[in-house]
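Just below is one structure, and these are the notes that go with it.
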Amino acid sequence: MKRLLKEMETYAAANAIPILRTAEVELLRRITASAAPRRVLEIGTAIGYSALLLASRLGRGGTITTIECDAERVQLAKTYIGRSPYAVVIDVIHGDGTTLAEELDGPWDFVFLDGPKGQYVRQLRLLLPKLSPQAIVVADNIRYHDMVYMEGVLPHKHRTAVLRLREYMELISDERCFQSVVFENGDGLTVSRWKG
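Numbering (the working numbering), first residue to last: 171 to 366.
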């Protein structure tokens, strides 16, 4: 498994495909291991790297549904996952994460948001009624190159994504609904426990 993950890291670096950085890998492993989820939803498969990390910490009988909108990446993910011992527990779906967040049935014990950053808040709102009690929601790249915390005029190109990420941060900061922690390492990662 280590060899496969290393191969994926090399491929991702050579082809400018964003995957989790080392500090985030360890954090995700710890969070997943402590939660031991049985039903995981990942939005933003890329090449399947984080799905494999999540699979290695699933609870007994656990499964992962992972969604990717890029057809070429879906095929790469299926190939890599097919070479792993977790192929039987990971379902890779080609499609739009927001549409599928609405269509797929819950409950979800663990959600990992790592797709289009401007869609996090919409996806989470769609998933709220499908979260199991005490579900964990993790969102990557929450700082968005430090623009989420930037004051003043935002670069036009990133304005919508940044404003929506700020909305996401407001939603997970509502202590009536979530208990959340922000990890500032890398490009930021949030871990939120659903109180529903």
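Beta carbons are placed, not taken as given, at the ideal position from N, Cα and C, and that holds for glycine.
Using CA atoms only, rank isn't needed, just tell me which of the options is closest to residue i.
i: PRO299; options: ALA271, THR215, PRO286; result: ALA271
i: VAL244; options: LEU333, VAL195, ASP261; result: ASP261
i: ILE213; options: PRO303, SER343, GLU238, ALA203; result: GLU238
i: ALA241; options: LEU341, THR215, ARG208, VAL258; result: THR215
i: TRP278; options: LEU223, TYR219, PRO303, ALA331; result: PRO303
i: LEU283; options: ARG253, LEU335, ARG329; result: LEU335
i: ALA247; options: ALA309, MET178, ARG191; result: MET178
i: ASP310; options: LEU274, GLU354, GLU273; result: GLU354
i: GLU273; options: GLY288, GLN293, LYS287, ALA257; result: GLN293
i: SER220; options: ARG230, TYR256, ASP275; result: TYR256
i: VAL195; options: TRP364, ALA184, ALA183, LEU222; result: LEU222
i: PRO188; options: VAL332, ARG329, LYS287; result: LYS287
i: ARG346; options: ARG329, LEU333, TRP364; result: TRP364
i: THR202; options: LYS176, ALA186, ARG230; result: ARG230
i: TYR250; options: LYS176, LEU333, ASP344; result: LYS176
i: ILE312; options: LEU333, GLY276, ARG295; result: LEU333
I'd like to check one pair, residue j with residue i: are the Cβ atoms closer than 8 Å?
i: ILE234; j: TYR181; result: no
i: ASP265; j: GLY285; result: Rather than Asp, the amino acid found at residue 265 in this sequence is Gly. Not in contact: GLY265 and GLY285 (Cβ atoms no closer than 8 Å).
i: GLY356; j: ALA193; result: yes
i: LEU174; j: SER254; result: yes
i: GLY366; j: LEU297; result: no
Where do the N-terminal and C-terminal ends of the alpha helix (DSSP H) with residue i fall, by residue?
i: ARG295; result: 290-297
i: ARG442; result: A query on residue 442 cannot be resolved here, the shown segment of the chain reaching from 171 to 366 and no further.
i: ARG346; result: ARG346 -> no alpha helix (DSSP H), and no H or E assigned at all.
What is the residue span of the beta strand (DSSP E) that residue i lies within?
i: LEU283; result: 278-283
i: ALA309; result: 301-310
i: LEU157; result: It is not possible to answer for residue 157, since the shown part of the chain is limited to 171 through 366.
i: LEU367; result: With the chain running from 171 to 366 in the structure shown, residue 367 is simply not present.
i: ARG313; result: Here ARG313 belongs to no beta strand (DSSP E), and DSSP marks it neither H nor E.
Short of 6 Å in beta carbon distance, which residues of its chain neighbour residue i, apart from the five on each side in sequence? Order them along the chain.
i: LEU338; result: For the sequence presented, residue 338 should be read as Tyr rather than Leu. If we look at TYR338 and ignore the five residues flanking it on each side, its Cβ neighbours are TYR290, VAL291.
i: PHE280; result: ALA205, PRO207, VAL210, ILE306
i: SER362; result: VAL307, ILE342, PHE348, SER350
i: ALA331; result: LYS287, GLY288
i: ILE263; result: ILE237
i: THR269; result: none
i: ALA183; result: none
Please go through the same chain and pick out, in chain order, the residues whose beta-carbon is closer than 8 Å to the beta-carbon of residue i, but skip the five residues on each side of it.
i: VAL259; result: ALA225, LEU228, GLY232, THR233, ILE234
i: MET171; result: LEU222, SER226, SER254, PRO255
Less than 7 Å separating the Cβ of residue i from some heavy atom of the ligand ADP?
i: GLY218; result: No copy of the ligand ADP appears in this structure; indeed no ligand is present at all.
By Cβ distance, which residues of its chain are closer than 7 Å to residue i, with the 5 residues on each side in sequence left out?
i: LEU197; result: PHE353, LEU359
i: ASP344; result: none
Any beta-carbon of chain C closer than 8 Å to the one on residue i?
i: VAL361; result: Among the protein chains of the structure shown there is no chain C, as only one such chain exists.
What runs of the beta strand (DSSP E), each 3 residues or longer, lie entirely inside the stretch 189-269?
209-213, 233-238, 260-264
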